[in-house]
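To start, the structure itself, in structure tokens.
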């Protein structure tokens, strides 16, 4: 296979330039979706695309698409993409690397005059992170018809609704349904992303071929005991909601570790205690429960075991227990054929690689509902992400972009 290479310095320069938009004082980046910083980033991308004879347009939810205006190839496009919105004080690589490598790939295809039988488009998705509005992955969900019109009424911390934010960009939220694509309208989707974990870095490997994106199931759990005076309530008469909740939290770790499912994780990331007095026996504890795995059956099994243990603890501790399912995102297995193509491309380029799941959610999980989808990971130093300390080495950025470029060629030839 003849391999192509992106222009190293042009890609690295674009990473540096984009990171200046929304830069924070400690080296991080804050670019919330549909804000001035987000608009500036997208206009910068449009200008860069135009300088290389590439066209672009926005859809009704702010997704930006870049493509070759003179492309004579027909049929459904090969789509590449990611996002440029960030978490508060996030890193410069999360999402941005995939977008910039995608743009660099389109430019490289122009310059090489590659003969392709399909058009290639870059998608810059809106509000992947969910940092501004309640639900994330808005752009990619809208693209597959999974954004309900009621979400347009969701408001940010300043009370600005999603619909208003779109209108501020001179977009028309009433055209939401026109954004959606049907199966068959996109030939394939590929996304390059930093791993946001430590597996590749720890193993000294250069590329991850993503096998699938985990499902995520979330619950709100409430434990109710009896608030009482901490000095006058004997230990054996207490209905301490926090002690019961602490046992439940510990059981999540124990049960997931003992399950034998290596990719499964369980997390309690949020907890509140009422009434919260230093001299009061806790009367109520509310906490979150999240379970992730690549298999729905594994998630079912773990949730059943965990909630059964919660009930046992509640009975033993004489407290009330209730829970509510708040989110249930299904696992997204990725295309075996595209995975094979990515692996072959990495090998042809001389890069070390391994198959691996994605423990984080990505826009790709929604594209997988309408077209064959693949993902490419590159190492995150020490597994750090969503932080100003997020770092992916220049060589790894370039390697990831080269794998993306040559995967596109194979899918579009």
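Residue numbers (our numbering): -7 to 405. All residues carry an ideal CB built from backbone N, CA and C; glycine is no exception.
Start and end of the alpha helix (DSSP H) containing residue i?
i           : result
residue 15  : No alpha helix (DSSP H) holds residue 15; DSSP gives it neither H nor E.
residue 307 : 288 to 309
residue 240 : 233 to 250
residue 104 : 88 to 104
residue 329 : 328 to 340
residue 402 : 386 to 404
residue 192 : 191 to 195
Taking the beta carbon of residue i as the centre, do at least 16 other beta carbons fall within 10 Å, making it buried, or is it exposed?
i           : result
residue 174 : exposed
residue 67  : exposed
residue 118 : buried
residue 60  : buried
residue 364 : buried
residue 95  : buried
residue 150 : exposed
residue 109 : exposed
residue 86  : buried
residue 221 : exposed
residue 8   : exposed
residue 10  : buried
residue 320 : exposed
residue 344 : exposed
residue 291 : buried
residue 270 : exposed
residue 235 : buried
residue 69  : buried
residue 399 : buried
residue 77  : buried
Whose C-alpha, out of the options, is nearest the C-alpha of residue i?
i           : options           : result
residue 335 : 120, 222, 203     : 203
residue 276 : 1, 100, 233       : 233
residue 394 : 340, 405, 373     : 340
residue 308 : 323, 231, 315     : 231
residue 207 : 322, 370, 371     : 322
residue 38  : 235, 99, 4        : 99
residue 2   : 52, 89, 48, 23    : 89
residue 349 : 45, 228, 256      : 256
residue 185 : 93, 250, 329, 260 : 93
residue 80  : 36, 46, 125, 44   : 125
residue 187 : 32, 156, 367, 239 : 367
residue 261 : 274, 400, 279     : 279
residue 104 : 71, -2, 388       : -2
residue 361 : 176, 376, 268, -4 : 176
residue 337 : 200, 209, 215     : 200
So residue i and residue j are supposed to be a Cβ contact under 8 angstroms. How far apart are they, rounded?
i           : j           : result
residue 132 : residue 358 : 4 angstroms
residue 144 : residue 154 : 5 angstroms
residue 161 : residue 26  : 6 angstroms
residue 114 : residue 58  : 4 angstroms
residue 128 : residue 172 : Not confirmed; about 18 angstroms, so no contact.
residue 378 : residue 82  : 5 angstroms
residue 401 : residue -4  : 7 angstroms
residue 251 : residue 294 : 6 angstroms
residue 370 : residue 392 : 4 angstroms
residue 274 : residue 217 : 7 angstroms
residue 333 : residue 403 : 7 angstroms
What span of residues does the beta strand (DSSP E) with residue i cover, start to end?
i           : result
residue 60  : 56 to 60
residue 75  : 70 to 75
residue 318 : 312 to 321
residue 281 : 276 to 285
residue 115 : 112 to 117
residue 32  : It is not in any beta strand (DSSP E) - residue 32 instead sits in the alpha helix (DSSP H) that spans 28 to 43.
residue 186 : 180 to 186
residue 439 : Within the shown structure, residues of the chain are numbered from -7 to 405, placing residue 439 beyond reach of any answer.
residue 406 : In the structure as shown, the chain starts at -7 and stops at 405, and residue 406 therefore has no counterpart that could be examined.
residue 49  : 46 to 50
residue 107 : Neither: residue 107 is in no beta strand (DSSP E) and is coded neither H nor E.
residue 263 : 263 to 266
Looking at the ligand MG, does it come within less than 7 angstroms of residue i, judged from the CB to the closest heavy atom?
i           : result
residue 338 : By its list of ligands, the structure shown contains no ligand whatsoever, and the ligand MG lies outside what it can speak to.
> Taking the runs of the alpha helix (DSSP H) that are 4 residues or longer, which of them lie wholly in the stretch 119 to 162?
Replying inline: Those alpha helix (DSSP H) runs which fall completely within the stretch 119 to 162 and span 4+ residues are 130 to 135, 154 to 160.
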